[in-house]
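Colleague: Here it is, the structure in full.
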């Protein structure tokens, strides 16, 4: 029973399968052959170019046909089967400026029997001349080296001005199962110049089809400029093109400009007034433009040389002020450079460079200047030890310089009587310079540099020249023979001589009186 049941089920299952297959195959076999041509069947091929382009020569299964005004053509073929694979381009040039390239052959649904409809996708390329006009940029066309062209399709092309270029103008694109025309326009998105000039272009996007010349008009690029000074100085007024800016406490300022090319030249300094000796003096040494971190921005590094006024004050080792009028000249040294300041300048503030920028690997660095005092001359003698004292103009507006000068106290005494006398004294410096001093009792001469001096007492009858070594505060006690002393000595000698004469005469008389008495005896 079980075996019989299984056999009956197998027969029923086979019958169901056969009936289902029959239902599926019968409609298929009954369908008309309208969408495909029978093998070897002749017919007509209807061609439509995308974009619709007249004058395109096509080879359809060995038959040459040219599209009409609407970009269409009809051609009879002996075999419609696989005709789409037998369509090629018979000529690549439409006219003197336009070439064509076939990109697609897309069959369209059949509407009638013995007719095959084909959409032919084309790419049209136009040849044109690229020219440059200055426009409002002020940049000469001769400065433009190349222009980068960018298409809506993403294609990038770099061309030189005056060069003939070929640009894609139209192309067929397959969208949602159909070929559609895409209009390809171009823009000049970058101008490459021989000098670092920043320019852009104006005007709408360019359609190269049927336009043999493309004139690219230049225009300035607006943006912002951030200025930073080296060293960081506040209150510096600079002229950047037609814009005037003043730096902040951090030595920076950001300003909008209508033309970013103003950064090509160093900015002009507008507060360089040097009529006030108490003011700092700033001078532009150069400027460096760094690359923008964001589009339409420039960073300008301005190098400034700064000089500051320094008023010198001279004192002796005890802190006593020495008038600047006594100083003949002063000499400062800085990294092998020597600065000499003469007497007329020492009475007023002296401008000394305090900061000088230095360019290292295309970057400006601030270099602070410090000076060593190598010489201060008074009376022909140097009163300082070279290099022991320094001056920093950046932080010291008053320079105190200690001079190795001393006082000489001269006292003149009468050699005969020992009393102090008043006499005009001539002091000869080591350099040979001479000063006349009224030597009272005593006479003090301040601010003498180290050295060997000659003191000449004019009141002395003879001699009166004495060497005096000054290496500290020195007292010179001079004893001289004056004319009064000579008069006293002369009078004394006359008295002695007269006394000797009188004594001699007296002795001679006595001798004469004795002589007769001796003769009598």
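In my numbering, the protein residues as written are 32 to 552. We treat Cβ as the ideally placed atom computed from N, Cα and C, and that holds for glycine.
Between 376, 487, 342, which has its C-alpha nearest residue 422's C-alpha?
Modeller: Working through the chain shown from its first residue, we reach residue 422 at position 391. Nearest C-alpha to residue 422: 342.
Colleague: Tell me the start and end of each unbroken beta strand (DSSP E) in the stretch 405-463 that is at least 3 residues and wholly inside, in chain order.
Modeller: 429-433, 436-445, 454-459, all fully within the stretch 405-463.
Colleague: For the beta strand (DSSP E) containing residue 328, list its first residue and its last residue.
Modeller: Looking up residue 328 in the chain shown gives position 297. From DSSP, the beta strand (DSSP E) with residue 328 extends over 328-346.
Colleague: When DSSP labels each residue in this structure, what does residue 112 get in the three-state scheme?
Modeller: Numbered from 1 along the chain shown, position 81 holds the residue referred to as residue 112. In the structure shown, residue 112 sits in coil (DSSP, three-state: anything other than H, G, I, E or B).
Colleague: Please classify residue 65 as buried or exposed, where buried requires at least 16 other C-beta atoms within 10 Å of its C-beta.
Modeller: Residue numbering aside, residue 65 sits at position 34 when the chain shown is read from its first letter. Only weak support exists for where residue 65 lies, its pLDDT of 35 falling under 50; the value from the coordinates is given anyway. Exposed.
Colleague: In the DSSP assignment, what residue or residues form a beta bridge with residue 105?
Modeller: In the chain shown, counting from the first residue as 1, residue 105 sits at position 74. In DSSP, residue 105 forms a bridge with 77.
Colleague: Cβ of residue 151 within 8 Å of Cβ of residue 205?
Modeller: Within the chain shown, the letter at position 120 stands for residue 151. Within the chain shown, the letter at position 174 stands for residue 205. No, the Cβ-Cβ distance between residue 151 and residue 205 is not below 8 Å.
Colleague: Between the C-alpha atoms of residue 240 and residue 224, what's the straight-line distance to the nearest angstrom?
Modeller: The residue labelled residue 240 in the question sits at position 209 within the chain shown. The residue labelled residue 224 in the question sits at position 193 within the chain shown. Whole-angstrom Cα-Cα distance: 28 Å.
Colleague: Write down the C-beta distance between residue 155 and residue 82 rounded to the nearest angstrom, noting that I regard them as a contact closer than 8 Å.
Modeller: One-based indexing of the chain shown puts residue 155 at position 124. One-based indexing of the chain shown puts residue 82 at position 51. Between residue 82 and residue 155 the Cβ distance is about 7 Å, and since that is below 8 Å, they are a contact.
Colleague: Let me know if residue 489 comes out buried or exposed under the rule of 16 or more other beta-carbons within 10 Å of its beta-carbon.
Modeller: Within the chain shown, the letter at position 458 stands for residue 489. By the neighbour-count rule (16 or more Cβ atoms within 10 Å), residue 489 is not buried but exposed.
Colleague: Who are residue 98's beta bridge partners in DSSP?
Modeller: One-based indexing of the chain shown puts residue 98 at position 67. Answer is none; residue 98 lacks a bridge partner.
Colleague: Could you have a look at residue 253 and say whether DSSP puts it in helix, strand or coil?
Modeller: As a position in the chain shown, residue 253 is number 222, starting the count at 1. Note: residue 253 maps to coil in three-state DSSP.
Colleague: Whole angstroms is fine: what's the gap from residue 250's alpha carbon to residue 317's?
Modeller: Position 219 of the chain shown, counting from 1, holds the residue named residue 250. Position 286 of the chain shown, counting from 1, holds the residue named residue 317. Approximately 27 Å, taken between the alpha carbons.
Colleague: Please report the Cβ distance between residue 436 and residue 478, rounded to the nearest whole angstrom; I am assuming they are in contact, meaning their Cβ atoms lie under 8 Å.
Modeller: In the chain shown, counting from the first residue as 1, residue 436 sits at position 405. In the chain shown, counting from the first residue as 1, residue 478 sits at position 447. Right, their Cβ atoms sit about 4 Å apart.
Colleague: Look up residue 475 in the DSSP assignment and say whether it is helix, strand or coil.
Modeller: By 1-based counting over the chain shown, the position of residue 475 is 444. DSSP places residue 475 in strand when its eight states are reduced to three.
Colleague: Could you tell me whether the stretch 192-207 touches the stretch 157-165, using the rule of 3 or more Cβ pairs below 8 Å?
Modeller: Segments in contact, yes.
Colleague: How would you write the range of the alpha helix (DSSP H) that residue 377 sits in, first residue to last?
Modeller: Within the chain shown, residue 377 is the residue found at index 346, counting from 1. Where residue 377 is concerned, the enclosing alpha helix (DSSP H) stretches over 374-377.
Colleague: With a threshold of 8 Å on Cβ separation, who are the neighbours of residue 265 within its own chain once the five nearest residues in sequence on each side are excluded?
Modeller: In the chain shown, counting from the first residue as 1, residue 265 sits at position 234. If we look at residue 265 and ignore the five residues flanking it on each side, its Cβ neighbours are 278, 279, 280, 281, 282.
Colleague: Classify residue 480 as buried or exposed, calling it buried when 16 or more other Cβ atoms lie within 10 Å of its own Cβ.
Modeller: Locating residue 480 in the chain shown gives position 449, where the first residue counts as 1. Buried, by the Cβ-count rule.
Colleague: Return the bridge partner residues of residue 264 from the DSSP annotation.
Modeller: For the purposes of this step, residue 264 is taken as residue 233 along the chain shown, with counting starting at 1. BP columns for residue 264 are empty, so no partner.
Colleague: Could you check where the beta strand (DSSP E) with residue 482 kicks off and where it finishes?
Modeller: For the purposes of this step, residue 482 is taken as the residue at position 451 of the chain shown. Start and end: 482-488.
Colleague: Is it true that the CB of residue 340 sits closer than 8 Å to the CB of residue 382?
Modeller: Translated into the one-based positions of the chain shown, residue 382 becomes position 351. Translated into the one-based positions of the chain shown, residue 340 becomes position 309. For residue 382 and residue 340, yes; Cβs fall inside 8 Å.
Colleague: How would you write the range of the beta strand (DSSP E) that residue 123 sits in, first residue to last?
Modeller: As a first step, residue 123 must be located in the chain shown, where it is residue number 92. Counting along the chain, residue 123 falls outside any beta strand (DSSP E), and DSSP gives it neither H nor E.
Colleague: Roughly how many whole angstroms lie between the Cα atoms of residue 235 and residue 201?
Modeller: Here residue 235 is taken as the residue at index 204 of the chain shown, counted from 1. Here residue 201 is taken as the residue at index 170 of the chain shown, counted from 1. Each residue's alpha carbon lies about 18 Å from the other.
Colleague: Less than 7 Å between C-beta atoms, sequence neighbours within five positions excluded: which residues of the same chain meet that for residue 17?
Modeller: Because the chain in this structure spans residues 32 to 552, residue 17 falls outside the shown range and cannot be described.
Colleague: Taking Cβ positions, are residue 420 and residue 440 nearer each other than 8 Å?
Modeller: In the chain shown, counting from the first residue as 1, residue 420 sits at position 389. In the chain shown, counting from the first residue as 1, residue 440 sits at position 409. Going by C-beta atoms, residue 420 is not nearer than 8 Å to residue 440.
Colleague: Does the beta-carbon of residue 143 have 16 or more other beta-carbons within 10 angstroms, so that it is buried, or is it exposed?
Modeller: Your numbering for residue 143 matches position 112 in the chain shown. Looking at its Cβ environment, which holds fewer than 16 other Cβ atoms inside 10 Å, residue 143 is exposed.
Colleague: Compute the beta-carbon to beta-carbon distance between residue 482 and residue 498, rounded to the nearest angstrom, for a pair I have assumed lies under 8 Å.
Modeller: Residue numbering aside, residue 482 sits at position 451 when the chain shown is read from its first letter. Residue numbering aside, residue 498 sits at position 467 when the chain shown is read from its first letter. Going by Cβ atoms, the distance from residue 482 to residue 498 rounds to 11 Å, so no, they are not a contact pair.
Colleague: Three or more beta-carbon pairs under 8 Å between the stretch 284-304 and the stretch 346-354, yes or no?
Modeller: They do not touch, by the three-pair rule.
Colleague: For residue 100 and residue 148, what's the separation of their Cα atoms in angstroms?
Modeller: Locating residue 100 in the chain shown gives position 69, counting from the first residue. Locating residue 148 in the chain shown gives position 117, counting from the first residue. Near 18 Å, if we compare the C-alpha coordinates of residue 148 and residue 100.
Colleague: With three or more C-beta pairs closer than 8 Å as the rule, is the stretch 213-228 touching the stretch 170-186?
Modeller: Enough Cβ pairs lie closer than 8 Å, so yes.
Colleague: For residue 296 and residue 196, what's the separation of their Cα atoms in angstroms?
Modeller: Within the chain shown, residue 296 is the residue found at index 265, counting from 1. Within the chain shown, residue 196 is the residue found at index 165, counting from 1. Looking at the two C-alpha atoms, the distance is approximately 35 Å.
Colleague: Taking residue 257 and residue 331 to be in contact with their CB atoms under 8 Å, please state how far apart those CB atoms are, rounded to whole angstroms.
Modeller: Start at 1 with the first residue of the chain shown, and residue 257 comes out as number 226. Start at 1 with the first residue of the chain shown, and residue 331 comes out as number 300. Indeed they touch by this definition, with Cβ atoms about 7 Å apart.
Colleague: Given this structure, state the Cα-to-Cα distance separating residue 327 from residue 315, to the nearest angstrom.
Modeller: Against the chain shown, residue 327 aligns to sequence position 296. Against the chain shown, residue 315 aligns to sequence position 284. Spanning the two alpha carbons is a distance of roughly 25 Å.
Colleague: Report the residue from 252, 388, 87, 284 whose alpha carbon sits nearest the alpha carbon of residue 166.
Modeller: Within the chain shown, residue 166 is the residue found at index 135, counting from 1. Checked all of 252, 388, 87, 284; the closest Cα to residue 166 is 252.
Colleague: Please classify residue 400 as buried or exposed, where buried requires at least 16 neighbouring CB atoms within 10 angstroms.
Modeller: The count along the chain shown starts at 1 and reaches residue 400 at position 369. It is buried - the Cβ of residue 400 has at least 16 other Cβ atoms within 10 Å.
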